[in-house]
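Q:
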Amino acid sequence: MPKIAIISRPDQGVLIDVGGCATLQEATQQLVSTLEISGEFWRGLSIELNLGDLSLTTQEVGRILAIVAEAGIKPAQVFASNPLTVGALTVLKVPVATGRPSSSPAASEQAAPGPAAAGQETGGAAESPEAGPVDGSPEATAAAETGGQEPAPADGGTGAAPGILYLRQTLRSGQSVSHKGHLVIIGDVNPGAEVTADGDITVWGALRGIAHAGLNGDAAAEIRALRLEPIQLRIAHAIARAPDRPRKGRNAAGAAETARIVNGTIRIAANTPD
Amino acid sequence: MSGKVIVITSGKGGVGKTTASANIGVALAQTGVSVAMVDMDIGLRNLDILMGLENRVVYNLVDVVEERCKLRQALVKDKRLPNLCLLPAAQTRDKTAVNAEQMKKLCGELKELFDYVLVDSPAGIESGFQNSVAGAEEAVIVTTPEMSAVRDADRIIGLLEARKDEIQQYRLVLNRLRPGMVRTNDMMSVEDVLEILSVKLLGVVPEDEQIIVSTNKGEPVAGTDNTRAGLAFRNIARRLRGEDVPLMDLDELNQGWLSRMVRFFAPARA
Numbered sequence: 211m212p213k214i215a216i217i218s219r220p221d222q223g224v225l226i227d228v229g230g231c232a233t234l235q236e237a238t239q240q241l242v243s244t245l246e247i248s249g250e251f252w253r254g255l256s257i258e259l260n261l262g263d264l265s266l267t268t269q270e271v272g273r274i275l276a277i278v279a280e281a282g283i284k285p286a287q288v289f290a291s292n293p294l295t296v297g298a299l300t301v302l303k304v305p306v307a308t309g310r311p312s313s314s315p316a317a318s319e320q321a322a323p324g325p326a327a328a329g330q331e332t333g334g335a336a337e338s339p340e341a342g343p344v345d346g347s348p349e350a351t352a353a354a355e356t357g358g359q360e361p362a363p364a365d366g367g368t369g370a371a372p373g374i375l376y377l378r379q380t381l382r383s384g385q386s387v388s389h390k391g392h393l394v395i396i397g398d399v400n401p402g403a404e405v406t407a408d409g410d411i412t413v414w415g416a417l418r419g420i421a422h423a424g425l426n427g428d429a430a431a432e433i434r435a436l437r438l439e440p441i442q443l444r445i446a447h448a449i450a451r452a453p454d455r456p457r458k459g460r461n462a463a464g465a466a467e468t469a470r471i472v473n474g475t476i477r478i479a480a481n482t483p484d
Numbered sequence: 041m042s043g044k045v046i047v048i049t050s051g052k053g054g055v056g057k058t059t060a061s062a063n064i065g066v067a068l069a070q071t072g073v074s075v076a077m078v079d080m081d082i083g084l085r086n087l088d089i090l091m092g093l094e095n096r097v098v099y100n101l102v103d104v105v106e107e108r109c110k111l112r113q114a115l116v117k118d119k120r121l122p123n124l125c126l127l128p129a130a131q132t133r134d135k136t137a138v139n140a141e142q143m144k145k146l147c148g149e150l151k152e153l154f155d156y157v158l159v160d161s162p163a164g165i166e167s168g169f170q171n172s173v174a175g176a177e178e179a180v181i182v183t184t185p186e187m188s189a190v191r192d193a194d195r196i197i198g199l200l201e202a203r204k205d206e207i208q209q210y211r212l213v214l215n216r217l218r219p220g221m222v223r224t225n226d227m228m229s230v231e232d233v234l235e236i237l238s239v240k241l242l243g244v245v246p247e248d249e250q251i252i253v254s255t256n257k258g259e260p261v262a263g264t265d266n267t268r269a270g271l272a273f274r275n276i277a278r279r280l281r282g283e284d285v286p287l288m289d290l291d292e293l294n295q296g297w298l299s300r301m302v303r304f305f306a307p308a309r310a
């Protein structure tokens, strides 16, 4: 199970959190597999690393740094709470911070909305020709400096808008990504995976897991995917779940769809450009 | 109310712990008692899929333990049986997210709300298993008639015996038995397994293709009337409730409808 969290924080760049791993072996394995699939994505980004409670020798820290260096990452700062690890980092002359980074992975488990809104099925959603423009949602609350990030091909044609996390990766069961701005995933979100964002969520692939847009209560947030087949959708405080039996013929053309809140409930409609 | 906490465990993976949990849960609830199923396989949760409740999961066991929600909020009600609930595992966390003390407390709370609390343990003998048995007073060991599964079940029984003070009773469910193969000596028989494990037998579940169908549909076979495995699980539930139910005749079950008819008429002709 992946125990590495990648957290994009508006004003501090991206944090790679290895703190969930119990052993060095686990940490290295997971780092390798995580970074492998992300390819060149990291090069040039401002990145911090959290080693959590791992107790590592100088040599072991060196191995971890070598793995991230291979992916083009030179961490701006490394967090560690274990004294041995902190010592090792100091020896290696890596900028070190003791304790936990400001945005811990627990943030990805943020309080889900109350169950009051539950119970409505996405499959039952009427096709609603809603008038609002697709990119009508407010920009992410926190203006971002995901800084030197490569220009994200933005969903609504807004160009390289700040606060967009652009992830070229398939999220598998158990993996979760949380982001303060808009989240764009080039790949699938499999059942059992969870993506959450304060802004919109766009999946260029199949969304089959759980997506929660507008995490901070932004009811104008939207979720769109090439194949929108989620187990559950959450926007702000509304929840919709998949029908218990798949409906044949729904969206037979396999067109991209958008989910948004209409009159307090989540509705799915074809993703029509303005 | 003070219910009974029963852990369902096996050591080996893939022998049918979760299938047994789902079916025993459904079968128990059908007898009229209230049942809570707890999925302890944090990070590899499946019980919600077998129950067809995946899309209704909002909160999970770790949310309860970490006090992000109330216990009642995390309980997912079954689609068919109103007296059956599921407490799902967290999928994006791992086994270290809870500890034995927290599980004890949780089982204690569930016991107050339900007649039966079924804890679906993960495979293995590490922390996940230890946490699963922490609050239990009874254990159901699931095994298949294979050497490897029996060996692992033996190991588990040893670990359960070491907890004599808490685990008052443990019984065996022999899963996926093929009577035809037993007859030709290609598979261990019920007696073979019991001889190795020397443990009380709770039930024998014959191999049944319907299990695969039901897993994919999210409707445990115990809920439908006409499957062999479903009947076996319903018998197991009745035995858990203290009823004395004889083992079903597996040879009978294995034969087709026609041969049974032939056998029925044969003495008359002779």
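Respectively, the protein sequence lines represent chains R and F. Each residue of the first sequence is one higher than the last, beginning at 211 in our numbering. Each residue of the second sequence is one higher than the last, beginning at 41 in our numbering. Ideal Cβ positions, reconstructed from N, Cα and C, are used throughout, including at glycine. Bear in mind the structure is a predicted one, so any value in this text is a computation, not a measurement.
Quick check for students: name the residue ranges of the beta strand (DSSP E) that lie wholly in the segment 191-273 of chain F, counting only runs of 3 or more.
A: DSSP runs (the beta strand (DSSP E)) wholly in the segment 191-273 of chain F: 209-217 and 240-246.
Q: I need the straight-line Cα distance from R:G419 to R:D454, nearest angstrom please.
A: The alpha-carbon atoms of R:G419 and R:D454 are separated by roughly 15 Å.
Q: Determine which residues share a DSSP beta bridge with F:A179 and list them.
A: Its beta-bridge partners are F:V47 and F:Y210.
Q: Drop a sphere of 10 angstroms on the beta-carbon of F:N225, count the other beta-carbons inside from all chains shown, and report buried for 16 or more, exposed for fewer.
A: Exposed: under 16 other Cβ atoms inside 10 Å.
Q: Give the interface partners of R:D454 over in chain F, defined as CB-CB distance under 8 Å, in chain order.
A: Residues of chain F passing the Cβ test: G92, N95, K119 and G258.
Q: Helix, strand or coil for F:C125? Go by DSSP, reduced to three states.
A: DSSP places F:C125 in strand when its eight states are reduced to three.
Q: When Cβ atoms are compared, which residues of the segment 75-86 of chain F fall closer than 7 Å to chain R?
A: Correct list: G83.
Q: Contact criterion: CB-CB distance below 8 Å. Does R:Q240 meet it with respect to chain F?
A: Cβ-Cβ to chain F under 8 Å: no for R:Q240.
Q: Residues in the segment 380-391 of chain R with C-beta within 9 Å of chain F's C-beta atoms, listed in sequence order?
A: Listed by position, the residues of the segment 380-391 of chain R near chain F (Cβ gap below 9 Å) are S383, G384, Q385 and S386.
Q: Counting only runs of 4+ residues fully inside the segment 257-299 of chain R, write out the alpha helix (DSSP H) ranges in chain order.
A: Runs found: 268-280.
Q: Which one or two residues does DSSP pair with R:H447 in a beta bridge?
A: Looking at the DSSP assignment, R:H447 forms no beta bridge with any residue, so it has no partner.
Q: Could you give the uninterrupted runs of the alpha helix (DSSP H) lying entirely in the segment 58-138 of chain F, keeping only those of 4 residues or more?
A: Counting whole runs of 4 or more residues, the segment 58-138 of chain F contains the alpha helix (DSSP H) stretches 87-90, 101-105 and 111-114.
Q: Contact defined as beta carbons within less than 8 Å: I believe R:A421 pairs with R:L443. What is the distance between those atoms, to the nearest angstrom?
A: At roughly 6 Å, the Cβ-Cβ gap stays under 8 Å, so R:A421 and R:L443 are in contact.
Q: State the Cα-Cα distance for the pair R:C231 and R:Q239, rounded to the nearest angstrom.
A: Cα to Cα, R:C231 sits roughly 10 Å from R:Q239.
Q: Can you have a look at R:E280 and say buried or exposed, based on whether 16 or more other CB atoms are within 10 angstroms of its CB?
A: With fewer than 16 Cβ atoms within 10 Å of its Cβ, R:E280 is classed as exposed.
Q: When the Cβ atoms of the segment 211-221 of chain F are set against those of the segment 172-188 of chain F, are three or more pairs found closer than 8 Å?
A: Taking 8 Å as the limit for Cβ pairs, the verdict is that the segment 172-188 of chain F does touch the segment 211-221 of chain F.
Q: How about R:I277 and R:L245: do their beta carbons lie closer than 8 Å?
A: In contact: R:I277 and R:L245 (Cβ atoms closer than 8 Å).
Q: Taking 8 Å as the threshold (C-beta atoms), are F:A130 and F:A137 in contact?
A: Going by C-beta atoms, F:A137 is nearer than 8 Å to F:A130.
Q: Touching or not, the segment 409-419 of chain R and the segment 434-441 of chain R, by the rule of three or more beta carbon pairs under 8 Å?
A: Flag = yes, the segment 409-419 of chain R and the segment 434-441 of chain R touch.
Q: Where does R:I396 fall in DSSP's three states?
A: Strand at R:I396.
Q: Less than 8 Å separating the beta-carbons of F:V230 and F:V244?
A: Cβ atoms of F:V230 and F:V244: closer than 8 Å.
Q: Which same chain residues end up closer than 6 Å to F:S167 when comparing Cβ atoms and leaving out the 5 residues on each side of it in sequence?
A: The answer, listed in chain order, is K135.
Q: For the beta strand (DSSP E) containing R:E439, list its first residue and its last residue.
A: Where R:E439 is concerned, there is no enclosing beta strand (DSSP E), given that its DSSP letter is neither H nor E.
Q: Going by C-alpha to C-alpha distance, which of F:V253, F:R195, F:R274 and F:M187 sits closest to F:V336?
A: Only positions 41 to 310 of chain F appear in this structure, which leaves residue 336 of chain F out of reach.
Q: Rounded to the nearest angstrom, what separates F:I187 and F:I236 at their Cα positions?
A: With the sequence shown as reference, residue 187 of chain F is identified as Met, and Ile is not the correct amino acid for it. Going from the Cα of F:M187 to the Cα of F:I236 covers about 10 Å.
Q: What does a CB cutoff of less than 7 Å around R:A237 pick up in its chain, not counting 5 residues either side in sequence?
A: V228, C231, L264 and I274, listed in sequence order.
Q: Can you tell me which of F:I165, F:A202, F:A277 and F:V222 puts its alpha carbon nearest to the alpha carbon of F:T49?
A: The shortest Cα separation from F:T49 among F:I165, F:A202, F:A277 and F:V222 belongs to F:I165.
Q: Below 8 Å between beta carbons: does that hold for F:A176 and F:V47?
A: Cβ atoms of F:A176 and F:V47: closer than 8 Å.
Q: DSSP three-state call for R:T238: helix, strand or coil?
A: DSSP places R:T238 in helix when its eight states are reduced to three.
Q: List the residues of chain R that F:D134 touches, going by C-beta distances under 9 Å, in chain order.
A: Under the 9 Å cutoff, chain R gives M211, K213, G230, A232 and G384.
Q: Within its chain, find whatever has a CB closer than 7 Å to the CB of F:A277; leave out the 5 residues flanking it on each side and keep chain order.
A: Counting only Cβ-Cβ distances below 7 Å, and skipping sequence neighbours, we find I64, A67, L68 and T71.
Q: Quick check: what's the CA-CA separation for R:I396 versus F:N86?
A: Whole-angstrom Cα-Cα distance: 27 Å.
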